[in-house]
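A short worksheet on the structure shown next.
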Amino acid sequence: MIDPEDPPRLIDPTSSASPRLRELLSESRADVATEAQLQALSAALAPTLGTGAVGGATAAKASLPGLVKVAIAVGVTTAAGGAYLATREAPPSPPQTRIAAPVEREAPKPPVAPAAPPALPAESASPEPAPAVNTPVVSAPKHAAAAPSEAELLGAAQAALGSDPAKALSLAEQHARAYPGGTLGQEREVIAVEALAKLGRTAASRERGERFLAAHPKSAYRAKIQSILGER
Amino acid sequence: MSRKRYSSRQVFDEHAPYVFRVLRYMGVREADVPDVCQEVFVTVHRKIDGFEGRSSIRTWLYKICQRAASDHRRRAYVRREVVTDFAEERPRAVESAGPRVEARSTLLFALGALDEDKRDVFVLYEIEGMTMREVAEVLGCPLQTAYSRLHAARELVEQALEREGGGKK
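Protein sequences appear in the order of chains A and B.
Convert by adding 137 to the 1-based position in the first sequence; the result is the number in my numbering.
Convert by adding 10 to the 1-based position in the second sequence; the result is the number in my numbering.
See below:
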């Protein structure tokens, strides 16, 4: 990509860069993922993206992180119908994020900001409501004392949908407080709309579902929401 | 002229190495890059049908990476974790980890001297090889602003390297 009006790039010998910076930039351009990293990633994403040119054959061996599981479970790959309602099993592999079995039944308490370690900048805690870390919902193997991740919260919510929609809704709301701009916001809303419907709170389900459809007119979950609302 | 239609798998196969690098130089910790990369491609999968080809696929991907890295940073704060590879002092261990890893570490150290706006311009132009017009488009700023940021970023990076490296060549 060259635009004649652009200044010479620092990697270009005619630029003003120091030799050291030029060398670093040259190295950085070659600093892409290794084949092993790409294969592992490709395999982990295979249930979502399908198998492809990289690493498809190794899919069965790869671990499947929680986030991908949530996307699958909520139905991102099969959003056209109702079949996604059944939570799909993860591939036969040890997931990195394992949902712990017992989840507290009570509605999550209002977020309580945990005592911040002294080294933490004060503003880091303020823009977001802290997750309800005093309500341990799932285990977090990587970070034993950490708040549940988005995937962990919604994985637990998804798992609870069939048997305990109130709990699913509660976990979805916990996610909304902890991750208001989170990556899995759409997945959360799908779970919440479905949980409300299962609880017989039809008006609330419809209102939330319609809000979702208005906010995400091209969402892959459109058909799913419409199905829950009885529009398809 | 018909625009190319992509599947999310195609995007992955063609651009995953790029996404890896972008996330690294956005300051996502190396150990977390695969996880954040997955988030990026889950988002790609969700949104690919809405990609209208008005921008290049790399520009579109970069915006998704920006969002994912930003979310990751926020989650890291919530989890009280160390947030980024931008270190105040370079870890000594990387010096034995190979020239590419060392180069990355050194460059991340220097990029740590920049605020996010300047760093993005520097990474997109000098490492990712975008044109300045593309850079301005990705960052949603006027072209002239992008030029100013690039100029300032270059100076700051060189200064940081001088401070860090001393006589090292």
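Glycine included, C-beta positions come from ideal geometry on N, C-alpha and C.
- By the Cβ neighbour-count rule, ALA180(A) is buried, with 16 or more other Cβ atoms within 10 Å of its own.
- If you check each beta-carbon in the segment 346-369 of chain A against every beta-carbon of chain B, the ones closer than 7 Å belong to LYS355, ALA357.
- TYR135(B) has a beta carbon lying within less than 9 Å of a beta carbon in chain A.
- Within the model, the alpha-carbon separation for ARG146(A) versus THR155(B) is close to 17 Å.
- The DSSP-derived three-state label of VAL169(A) is coil.
- Pairing PHE30(B) with ASP143(A), the inter-Cα distance amounts to about 26 Å.
- Take the alpha-carbon of ALA303(A) and the one of VAL133(B): they are about 46 Å apart.
- Interface flag for VAL327(A) against chain B is unset, since no Cβ pair is found closer than 9 Å.
- Within the model, the alpha-carbon separation for ILE365(A) versus SER80(B) is close to 32 Å.
- GLU142(A) belongs to the set of residues whose beta carbon lies under 9 Å from a beta carbon in chain B.
- The beta carbon of CYS47(B) sits closer than 9 Å to some beta carbon of chain A.
- Against chain B, the CB of LEU290(A) has no partner CB under 9 Å away; the residue lies outside that interface.
- If you ignore the 5 residues before and after ILE362(A), its C-beta comes within less than 7 Å of the C-beta of VAL327, VAL330, GLY346, PHE349, LEU350, all in its own chain and listed in chain order.
- Contact annotation, GLY319(A) with HIS312(A): C-beta distance approximately 7 Å; criterion of less than 8 Å satisfied.
- Interface annotation, LEU149(B): not in contact with chain A, CB-CB separation never under 9 Å.
- Exclusion of the five residues before and after MET140(B) leaves LEU134 as the residues of its chain whose Cβ lies within less than 6 Å of its Cβ.
- At a cut-off of 9 Å, the C-beta of ALA313(A) has no neighbouring C-beta in chain B.
- Burial is judged here by how many other beta carbons sit within 10 angstroms of a residue's own beta carbon; HIS25(B) has at least 16 and is buried.
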